[in-house]
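In our numbering, the protein residues as written are 8 to 412.
Yeah, the Cβ is synthetic: ideal placement off N, Cα and C, and Gly gets one too.
As the structure is a computational prediction, the values presented were derived from the model and not from experiment.
Notes for the one structure printed next.
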């Protein structure tokens, strides 16, 4: 049986909402996008939400809103997709890579503290040229795979070192954090200065392509909204409605990051189904855990007791010391059986651009480097059937058993 890496859950409700938009005659950014923003802000528990066409766009706008400029330093995790650091380079600023925690794969706040202390003391840090050493301006944690980073530790760093916090929440919602058992849960979208979400097809909710930035700061929200559409001083879509005016002003050279109403129509329905979709993912995760229990060559993903995991990704680790094959051969055998797997992610320091531009080496990020060689992302999606899960887990067990040392 072939098993795809991901299959989006699109119902008749999404189709009807998109058809309603198509029939309305309003296809680009307009009333449906505004509705999506309002509902997402209410869901996230924040005052403002700005819809854009990708999480990368949201991150770019967030850094622009807080004033990141040439030469600024921004802490980012080494274990992430390139977009997290890429947006820092848009400003000719410097991404300072931080190693990851071995269990959650999230940014290691203890190492972040050591880096911040060294930079404050003028000491050398991996990837930062001597002449570029200065106190960083922001930290950009990723809630990896759908599990939130250590919010308390990051907030403490932000307060002590005067940092803006921009959350890369591309792998959520839903997700939440609490300081300890009995403490109140804090939802993703409310624990940073600005939080950025992705609605790519395999994300917890999708608009096909899309993103969102949430914040309680009205000035930042206004700036992101203006800059998302060419720097136009007012809602551009209103120019073509009965309530708008033809006159507008350009207040800054902005970008073309607006979300269409067609995409927002998908988002409105997907958001209403977020708990249902999450329940489908969690059910698949539980089936995986049951089926892989006792497999001595595999380490399953962990869920911290003080986190609500979105389960965007299901990442296993291969115990390579117990196997006669490496990760590449394992994935090749899964692919031969029709099961699509992936790797999340190739750490930034292993990519030619980041490695050569910032003179980075694997030994500077030992956890990310070690994990990268072990990890395999298995298929995971809300409508995954028991038969598909059995096919995947059966293949994992068979391949590992056939190649056991």
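- Given a length threshold of 3 residues, each whole run of the beta strand (DSSP E) inside the region 193 to 237 is given here in chain order: 201 to 205, 218 to 222.
- The beta carbons of residue 332 and residue 410 sit closer together than 9 Å.
- One alpha carbon belongs to residue 41, the other to residue 198, and they sit about 23 Å apart.
- Contact between residue 100 and residue 79 is confirmed by a C-beta separation of about 4 Å, below the 8 Å threshold.
- Where residue 406 is concerned, there is no enclosing beta strand (DSSP E), although the alpha helix (DSSP H) around it starts and stops at 393 to 409.
- In the DSSP assignment, residue 102 falls within the beta strand (DSSP E) that extends over 101 to 105.
- Three or more beta-carbon pairs separated by less than 8 Å are not found between the region 266 to 273 and the region 86 to 99, which leaves the two stretches without contact.
- Fully contained in the region 271 to 312 are the following alpha helix (DSSP H) runs of length 4 or more, in chain order: 281 to 299.
- An exposed status is given to residue 137, since fewer than 16 other beta-carbon atoms sit within 10 Å of its beta-carbon.
- Between residue 320 and residue 384, the C-beta spacing is below 9 Å.
- For residue 321, the enclosing beta strand (DSSP E) covers residues 321 to 325.
- With distances taken between CA atoms, residue 272 lies nearest to 36 out of 14, 12, 10, 36.
- If you look at residue 336, you'll find it in the alpha helix (DSSP H) that goes 334 to 343.
- In chain order, 181 place their CB closer than 8 Å to the CB of residue 282, counting only its own chain and leaving out the 5 sequence neighbours on each side.
- Beta-bridge analysis with DSSP links residue 174 to 202.
- In this structure the region 142 to 159 lies against the region 72 to 86, because at least three pairs of beta carbons, one per stretch, are closer than 8 Å.
- A direct Cα-Cα distance of roughly 16 Å separates residue 14 from residue 280.
- The bridge partners DSSP lists for residue 349 are 384.
- Per DSSP, reduced to three states, the secondary structure at residue 156 is coil, with no helix or strand assignment.
- Counting along the chain, the unbroken beta strand (DSSP E) around residue 84 starts and ends at 80 to 84.
- Here residue 263 carries a strand assignment [DSSP, helix/strand/coil].
- Sequence-distant Cβ neighbours of residue 277 in its own chain, meaning closer than 8 Å and more than five residues away, are 21, 206, 212, 213, 214, 284.
- In the displayed model, residue 139 falls within a helix according to three-state DSSP.
- For the options 134, 64, 315, the alpha carbon positioned closest to that of residue 188 is the one of 315.
- DSSP places residue 315 in the strand class (E or B) of the three-state scheme.
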